[in-house]
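Mapping of the sequence shown onto the working numbering: residues 3 to 254, in sequence order.
Every residue gets a Cβ at the ideal spot worked out from N, C-alpha and C, and that includes glycine.
These numbers come from a predicted model, not from an experiment.
Below is one structure, written out as structure tokens; the observations come after it.
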Amino acid sequence: MAAMCIKTKMTYRADFIISSIGVLVTSVLEVLTIFILLQSIDTFKGWSYYEMVFMYSFSLLALMPAAVFFDNFWNLKTFIKEGTFIKYYFRPLDIMFSFTSEVVEVKGLTQGLFGTGLLIWSMIKMDHAFSLFNIISMIVMFIFSSGIMISFLIISSSTSFWIVNSDSVMTLATKFKDYAKYPMTIYSKSLKLIFTYIIPVGFISFYPSDFFLHPDSFDKSILLLPLISAIFFFISYKVFMIGAAHYSGTGS
3 MAAMCIKTKM TYRADFIISS IGVLVTSVLE VLTIFILLQS IDTFKGWSYY EMVFMYSFSL
63 LALMPAAVFF DNFWNLKTFI KEGTFIKYYF RPLDIMFSFT SEVVEVKGLT QGLFGTGLLI
123 WSMIKMDHAF SLFNIISMIV MFIFSSGIMI SFLIISSSTS FWIVNSDSVM TLATKFKDYA
183 KYPMTIYSKS LKLIFTYIIP VGFISFYPSD FFLHPDSFDK SILLLPLISA IFFFISYKVF
243 MIGAAHYSGT GS
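In structure tokens, the structure reads:
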């Protein structure tokens, strides 16, 4: 299914190229925003420009799996509205797995490649060591961090089962990633608590970045990353399956 989806996407190569360029330009502009922000100050709550770039690049990598493998959730409302979601009930597969695997958005890889290059560049600029432990730890944290963003996408999209048009909810959920670009230290204690345990955007990039960049003084909240990621993904799966269980088609 993934292979067929990729072949379909590549049929319209101009669309793929233009979309990929759009993703790349957006990412570059966001890096420039950070650069402009730090022109008037040396550090941002103790974070230098290259540390901010590192954190931003990590957030790009954490968002990549959601963009590549879970993009079909943006179409869920359309399937529900048109009644075509009913087809997933007749497949001998888990409904959520069947729905998810139907679309692979190749252009999301552009974001991942740019994020990887940016992360390596920032580490070189900071003269940060590329040890085997750091690389393995980074990959593990990247997997768990991406699980949180995927959960946001699934939960917000699943509201379509009840409110049909979930655009506003999904837009709000994806906007949370903007908070992941900045250190949690800039927020008040109450907001930091919310962004750690209730809407855990801090685990998308801040806590992992803090662990790598400040090994002697990192926030111990990072130790909760696997647990937080697993809990939120489990909740997102349950929300989707509850919605699917109550779906009754269009009635036509």
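The region 145-154 and the region 205-221 touch, with no fewer than 3 CB-CB distances between them shorter than 8 Å.
Taking 8 Å as the cut-off, the beta carbon of VAL106 is found closer than this to the beta carbon of VAL70. Nearest to LEU63 by alpha-carbon distance, out of PHE146, PHE154 and ASN74, is PHE146.
The C-beta distance from PHE60 to LEU121 rounds to 6 Å, short enough to meet the 8 Å contact threshold. Between the C-alpha atoms of PHE197 and MET172 there is a straight-line separation of about 18 Å.
Counting every other CB atom within 10 Å of its CB across the protein chains shown gives GLU53 a total of 16 or more, marking it as buried.
Note on ASP212: 16 or more other CB atoms within 10 angstroms of its CB, so buried under the neighbour-count rule. Between the alpha carbons of SER170 and SER133 lies a distance of about 43 Å. Here LYS79 is buried: its Cβ has 16 or more other Cβ atoms, across all protein chains shown, within 10 Å.
By the Cβ-count criterion, GLY117 is buried, with 16 or more other Cβ atoms from all chains shown falling within 10 Å of its own Cβ. Taking C-beta atoms under 8 Å as the contact rule, ALA175 and LEU155 qualify, at a distance of about 7 Å.
Taken through DSSP and simplified to helix, strand or coil, THR161 comes out as coil. DSSP places LEU115 inside the alpha helix (DSSP H), whose first and last residues are 110-127. Two segments are said to touch when three or more pairs of C-beta atoms, one from each, lie closer than 8 Å; by this definition the region 73-91 touches the region 242-252. For LYS83, the number of other beta carbons within 10 angstroms of its own is below 16, and it is reported as exposed. At least 8 Å separates the beta-carbon of PHE242 from that of SER162.
The beta carbon of SER158 lies closer than 6 Å to those of VAL171, MET172 and ALA175 in the same chain, with the five residues before and after it left out. Between ASN74 and the set ILE97, MET57, THR13 and TYR58, the nearest pair of CA atoms involves ILE97. Short of 7 Å from the beta carbon of ASN167, and not among the five residues preceding or following it, lie these beta carbons of its own chain, in chain order: LYS79. Distance check between PRO228 and each of PRO210, TYR189, HIS216 and LEU215 places PRO210 closest, using alpha-carbon atoms only. Taken through DSSP and simplified to helix, strand or coil, ALA69 comes out as helix.
For PHE81, the enclosing alpha helix (DSSP H) starts and ends at 78-84. The Cβ neighbour count for ALA16, taken over all protein chains shown within 10 Å, is under 16; the residue is labelled exposed.
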